[in-house]
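Read through the structure below, which is laid out as C-alpha cells, and then see the notes.
2 protein chains.
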Amino acid sequence: MKFTIQKAQLNEAIQHVSRAISNRTTVPILLGIKMDVHHDGVTLTASDTDIWIQSFVPTQTNEETVVQVEKTGSIVVPAKFFIEIIRKLPTKDIHMISDNRQQILITSGSTEIQLTGLDSDEYPSLPRISEKNSFSISSHLLDHMIHQVSFAVSANESTPVLTGVLWNLKDEILKFVATDRHRLASIEKKIPGSEGKEFQHIVISGKNLNELSKILPEQDGMIDVVVSENQVLFRLGQVLFYTRILDGTYPDTSKIIPQSYRTELSFHVKPLSDAIERAYLLSREEKTNIVRLTSEDHPTQVEISSSSNELGKVIEQLEIIRSVGEQLRISFNSKYMLDVLRVIKQDTIHIGFTGAMSPMILKCEAEEGILHLILPYRTTN
Amino acid sequence: MKFTIQKAQLNEAIQHVSRAISNRTTVPILLGIKMDVHHDGVTLTASDTDIWIQSFVPTQTNEETVVQVEKTGSIVVPAKFFIEIIRKLPTKDIHMISDNRQQILITSGSTEIQLTGLDSDEYPSLPRISEKNSFSISSHLLDHMIHQVSFAVSANESTPVLTGVLWNLKDEILKFVATDRHRLASIEKKIPGSEGKEFQHIVISGKNLNELSKILPEQDGMIDVVVSENQVLFRLGQVLFYTRILDGTYPDTSKIIPQSYRTELSFHVKPLSDAIERAYLLSREEKTNIVRLTSEDHPTQVEISSSSNELGKVIEQLEIIRSVGEQLRISFNSKYMLDVLRVIKQDTIHIGFTGAMSPMILKCEAEEGILHLILPYRTTN
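What follows is the structure, encoded as C-alpha cells:
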C-alpha cells in the first residue's frame, strides 16, 4: 500500500477505534490496529473480541481531498505506539508506504518512522451480522438512555448477564433495564419509525455501552441499530461499533416494583443531593454508606442523618416540596442514591416508599419513562 | 472553644495545611488537623513529621470580620473528613463549638455535625527554630529555582541525601543543585539584600520543595527563609512551611562539569523537544529510553534517532541554529533530555559535548545561571 492522509482525520479515526484496544488481551494481533487502504478511503479496525470498532476515512469530504491512494493494501500496526506517534507528527499530511514483508514507512516532514507491522490476513474477521432487525434512534436520546441506567449494572463478573443492560423494543417503545440486585434503573422511550420492529431480552454490556456513549457525536443525528443473533451493531456515520450480546437469562424484575406507596415525598434535587452527599462522607468511613431518612412530625421537612462510631454524626433538616401518607424511617446506601441524583436532569424528584423494608421508587415528574429503585438496608436501630 | 468563621477562608487554610497530611503516617494524631482558637484568629497545623504547615486565619482582614471568637480553645479534628465536609457545607459562615471531652459541634444552616476530636495536648509541637540565619526571596524567583532543579533529584531512597536539593548562599548568590548520579541540574541567582548572609551544604527534600511550590501565592511577594540547624522555615504571609534538613554529605559535583567542549550545538527548543519526544515514544518500548544524536556532514542539521527491536525505528533530520567543533555521535536517556526541555522557558538552548562518553551540558543563552548536565549512555553500536 501507498497513500497520503491528513493527520487530523487519521487521528480522529484512531481515537475512535482505540477504545476497542485492551492491554489485557491474550491475542497479540489484537494489540494492533488493522489498516485497510482501498481506492475509496482508509478503514481502521480494532477489537478486544468483546467489542469491535471500525472507522472509515473517505478519500473526499466536503470536496476536500483527505486521502490520496496510490496503491491499495492492508497491514496491522502496533496500536499503542501508532496512536501516540501519529498525534505527534510535525506535518498536516502523512505519507505511508508498506511492502510485502509487513514493514511500513511513515513519513512526515523530515521525520521517518520504520515500523514492523503484522500480516492483516491474521487479523480476525468482523462479526457477521444480519441486517434483518434494525431501527434508527437519535444519538442524543440513545446517550440519555444509556446514562440513565448504565451506572446500575452489576460490577460482579460472577453473574455476567447482570453486568449488562436489558433492551426490549415493542410497540415503538424501547426500554432499558439495569440492576445489580440492590438497585434498579429503567427508562422507556418512544422510538418514532420503529413500527413493526420488535425484540426482547437483548442484554448488552454496560461497560460497552459507556464506551459507545463516548464516541457518539456531539451533534445530534440518527444512528442505525442492527440487532442480530449474537451481536448488536451501531452505525454512526463513518464509525461502526459492534458489541456482543451477553448470554444468560435476565431476571424478571417487573414484580419487585411496587404499584402503590404508603409514603410519597417530593424533593428539590440539588438540596437533597447536597444533604445526602454530606451524610455520605461520614457513612463512607464505615464502609456501609448507610444514611437514614426520617419523616416524622414536620409535614414540610425530613431529617437526613448518618453516623460513624469513630468520627461522629451528621444530622440535617431538609425542606421538602410535598409529603403524602405515613411517617417514615428508612436506611439506604447513600452512594446508590447519589448515583441516581447525579443522572437526574430535572429540578425535582418524587420518591415513593412502601415501608422501611421495601424498595424505594424514584421518579421524575417532569420526564416520563424514568424509574429508579433502591432497596433499603435492614438496620436494627 | 466557640467561634464562627467564614467558610471560604477556613477552606483556604485547610487546603494549605492538608498538603502536610500523609495517609502513611504511623502516628494516629497526625491524621488530624490541630485547630487553635485565639482572640486574634484561628491557627491550623498539620504535619507528617517531615514537613509542618501552619496557616493562620486572622479575625479581621481588610476591615471585614472573618472570625468571631466567643471562647478560645484547641482541638485536633480528623483531617480527611473535615477537609471534605467543610467544603460541602451549605452556608457562608460556619459555627463551631467544642467541650472538654473533645467533642466538636459544627453548624451550618440546618446541617449539624458532631465530631469526635482528639486532645490537642497530645499533638507534637512545632520544630523550634532560631531566627538567626534568614533572608528574603521573591516567591516567583523561588518557584522558578525549584522548578529548574527539583525534577533531577534521585527517586532512590537508599541514598536519602540525593533525594534533596543542595542549597548554598554566599556573596548574595543562592545556588541550588540536584543530581541522581545520571544527570544534574543547577541554578544560581543573585538575592538582593542577602549581603553578609551565608550558609552551605543545606539539603532540602525535592518532594517537599515541590509541595512548597504548590502553596506559593500566584502573586509575587517576598518570602522569609529561616535556615536553622535541623529545619528550614518558609514564611509566606499567614502560612508557615517547615521542612527538615536532610542528613548526609552531599557529593562534590563541581569536578564533573567540563569547562570546555569539543562540539557545541544550538537548537530551537520546540522542534528539538518534539523530535526527542517522538524518538522517546519508540525508545520507551525498550525500557531504555535511548535516543541517539548524530551531527555529521551537515553543518545546520543533526539526526535524532531511536530504535526498538520489536517495533522499528524513528529517524529525523533536525535543523539547528549553529554547530561548532567536531562531528558527534552520542546516545542518551531521552527522558532526562525531555525533563530539561520541559523546564526551559527560553526559545533556544545551547548544548556542549566533550565526547560520546562525557557529560552533555545544556545551557540557556538568554538566561544566565542555569546549567543542566546529562551523562550519555555507553552503547556499543
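Residue numbers (the working numbering), protein chains in the order written: chain A, 310 to 690; chain B, 310 to 690. For each residue, glycine too, the CB sits at the ideal point set by N, CA and C.
Tell me the rounded alpha-carbon separation between residue i and residue j.
{"i": "residue 543 (chain B)", "j": "residue 543 (chain A)", "result": "59 angstroms"}
{"i": "residue 510 (chain A)", "j": "residue 555 (chain A)", "result": "10 angstroms"}
{"i": "residue 632 (chain B)", "j": "residue 681 (chain B)", "result": "19 angstroms"}
{"i": "residue 362 (chain B)", "j": "residue 541 (chain B)", "result": "12 angstroms"}
{"i": "residue 313 (chain A)", "j": "residue 427 (chain A)", "result": "20 angstroms"}
{"i": "residue 497 (chain A)", "j": "residue 678 (chain A)", "result": "5 angstroms"}
{"i": "residue 563 (chain A)", "j": "residue 545 (chain A)", "result": "32 angstroms"}
{"i": "residue 503 (chain B)", "j": "residue 481 (chain B)", "result": "5 angstroms"}
{"i": "residue 374 (chain A)", "j": "residue 333 (chain A)", "result": "37 angstroms"}
{"i": "residue 429 (chain A)", "j": "residue 567 (chain B)", "result": "52 angstroms"}
{"i": "residue 599 (chain A)", "j": "residue 324 (chain A)", "result": "40 angstroms"}
{"i": "residue 494 (chain A)", "j": "residue 382 (chain B)", "result": "50 angstroms"}
{"i": "residue 559 (chain A)", "j": "residue 434 (chain A)", "result": "29 angstroms"}
{"i": "residue 643 (chain B)", "j": "residue 674 (chain A)", "result": "59 angstroms"}
{"i": "residue 565 (chain B)", "j": "residue 639 (chain B)", "result": "18 angstroms"}
{"i": "residue 368 (chain B)", "j": "residue 378 (chain B)", "result": "8 angstroms"}
{"i": "residue 459 (chain B)", "j": "residue 576 (chain A)", "result": "52 angstroms"}
{"i": "residue 526 (chain A)", "j": "residue 411 (chain B)", "result": "55 angstroms"}
{"i": "residue 469 (chain B)", "j": "residue 476 (chain A)", "result": "59 angstroms"}
{"i": "residue 441 (chain A)", "j": "residue 539 (chain A)", "result": "13 angstroms"}
{"i": "residue 354 (chain A)", "j": "residue 392 (chain A)", "result": "13 angstroms"}
In chain A, which residues lie with their C-beta within 7 angstroms of the C-beta of residue i?
{"i": "residue 399 (chain B)", "result": "583"}
{"i": "residue 439 (chain B)", "result": "What residue 439 (chain B) touches in chain A: nothing, since even the nearest Cβ is about 39 angstroms away."}
{"i": "residue 603 (chain B)", "result": "Within chain A, no residue comes near residue 603 (chain B); the closest Cβ sits about 14 angstroms away, beyond 7 angstroms."}
Grab me the residues of residue i's own chain with a C-beta within less than 6 angstroms of its C-beta, minus the 5 sequence neighbours each way, in chain order.
{"i": "residue 449 (chain A)", "result": "529"}
{"i": "residue 406 (chain B)", "result": "311 and 414"}
{"i": "residue 683 (chain A)", "result": "492, 641, 645 and 669"}
{"i": "residue 479 (chain B)", "result": "507"}
{"i": "residue 517 (chain A)", "result": "360 and 552"}
{"i": "residue 550 (chain A)", "result": "362, 521 and 543"}
{"i": "residue 594 (chain B)", "result": "617 and 620"}
{"i": "residue 294 (chain B)", "result": "Residue 294 (chain B) is absent from the model: chain B starts at 310 and stops at 690."}
Which same chain residues, not among the five before or five after residue i, have their C-beta less than 7 angstroms away from its C-beta?
{"i": "residue 571 (chain A)", "result": "634, 635, 662, 663 and 664"}
{"i": "residue 605 (chain B)", "result": "636"}
{"i": "residue 396 (chain A)", "result": "320"}
{"i": "residue 611 (chain B)", "result": "574, 602, 603, 604, 627 and 629"}
{"i": "residue 445 (chain B)", "result": "502, 531, 532 and 533"}
{"i": "residue 655 (chain A)", "result": "578, 673, 675 and 676"}
{"i": "residue 416 (chain A)", "result": "404"}
Taking the CB atoms as reference points, tell me whether residue i and residue j lie closer together than 7 angstroms.
{"i": "residue 421 (chain A)", "j": "residue 629 (chain B)", "result": "no"}
{"i": "residue 384 (chain B)", "j": "residue 590 (chain A)", "result": "no"}
{"i": "residue 492 (chain B)", "j": "residue 686 (chain B)", "result": "no"}
{"i": "residue 386 (chain B)", "j": "residue 376 (chain B)", "result": "no"}
{"i": "residue 658 (chain A)", "j": "residue 578 (chain A)", "result": "yes"}
{"i": "residue 534 (chain B)", "j": "residue 364 (chain B)", "result": "no"}
{"i": "residue 617 (chain A)", "j": "residue 537 (chain A)", "result": "no"}
{"i": "residue 329 (chain A)", "j": "residue 357 (chain A)", "result": "yes"}
{"i": "residue 592 (chain B)", "j": "residue 615 (chain B)", "result": "yes"}
{"i": "residue 513 (chain A)", "j": "residue 474 (chain A)", "result": "yes"}
{"i": "residue 338 (chain B)", "j": "residue 326 (chain B)", "result": "no"}
{"i": "residue 316 (chain B)", "j": "residue 398 (chain B)", "result": "yes"}
{"i": "residue 652 (chain A)", "j": "residue 456 (chain A)", "result": "yes"}
At 7 angstroms on the CB atoms, spell out the chain B contacts of residue i, in chain order.
{"i": "residue 587 (chain A)", "result": "394, 397 and 420"}
{"i": "residue 591 (chain A)", "result": "390"}
Kindly list, in the order they appear in chain A, the residues whose Cβ is closer than 9 angstroms to that of residue i.
{"i": "residue 387 (chain B)", "result": "594, 619, 620 and 621"}
Considering only residues of the same chain and omitting the five flanking positions on each side of residue i, which have a CB-CB separation below 8 angstroms?
{"i": "residue 489 (chain B)", "result": "461, 462, 463, 464, 465 and 471"}
{"i": "residue 690 (chain A)", "result": "Caution applies to residue 690 (chain A), whose pLDDT of 49 falls short of 50 and renders its modelled position unreliable; the model cannot decide the point."}
{"i": "residue 409 (chain B)", "result": "none"}
{"i": "residue 348 (chain A)", "result": "368, 378 and 381"}
Which bits of chain B does residue i rub up against, with CB to CB less than 9 angstroms?
{"i": "residue 416 (chain A)", "result": "What residue 416 (chain A) touches in chain B: nothing, since even the nearest Cβ is about 10 angstroms away."}
For a contact defined as C-beta to C-beta under 8 angstroms, what are the partners of residue i on chain A?
{"i": "residue 625 (chain B)", "result": "419, 420 and 421"}
Taking C-beta pairs closer than 8 angstroms, name the residues in chain B that residue i reaches, listed in chain order.
{"i": "residue 425 (chain A)", "result": "619, 620 and 621"}
Say yes only if the C-beta of residue i is nearer than 6 angstroms to one or more non-hydrogen atoms of the ligand ADP, and no if none qualify.
{"i": "residue 687 (chain B)", "result": "Ligands are entirely absent from the displayed structure, and the ligand ADP is therefore not among its contents."}
Next item on the list: List in chain order: all unbroken beta strand (DSSP E) runs of 3+ residues lying wholly within the stretch 322–347 of chain A.
Entry: 341–347
Notebook entry, point to check: For the stretch 476–517 of chain A, which segments carrying the beta strand (DSSP E) assignment without a break, of at least 3 residues, lie completely within its bounds, in sequence order?
Noted result: 482–488, 492–499 and 508–514
Check: What residue ranges within the stretch 606–672 of chain A form continuous beta strand (DSSP E) runs of no fewer than 3 residues, ordered along the chain?
Finding: 610–617, 621–628, 631–634, 637–642, 657–662 and 669–672
Check: In chain order, which continuous runs of the beta strand (DSSP E) of length 3 or greater are located wholly inside the stretch 407–449 of chain B?
Finding: 412–417, 420–425 and 443–447
Note to self: Quick check for students: name the residue ranges of the alpha helix (DSSP H) that lie wholly in the stretch 513–597 of chain B, counting only runs of 4 or more.
What the structure shows: 515–524 and 578–592
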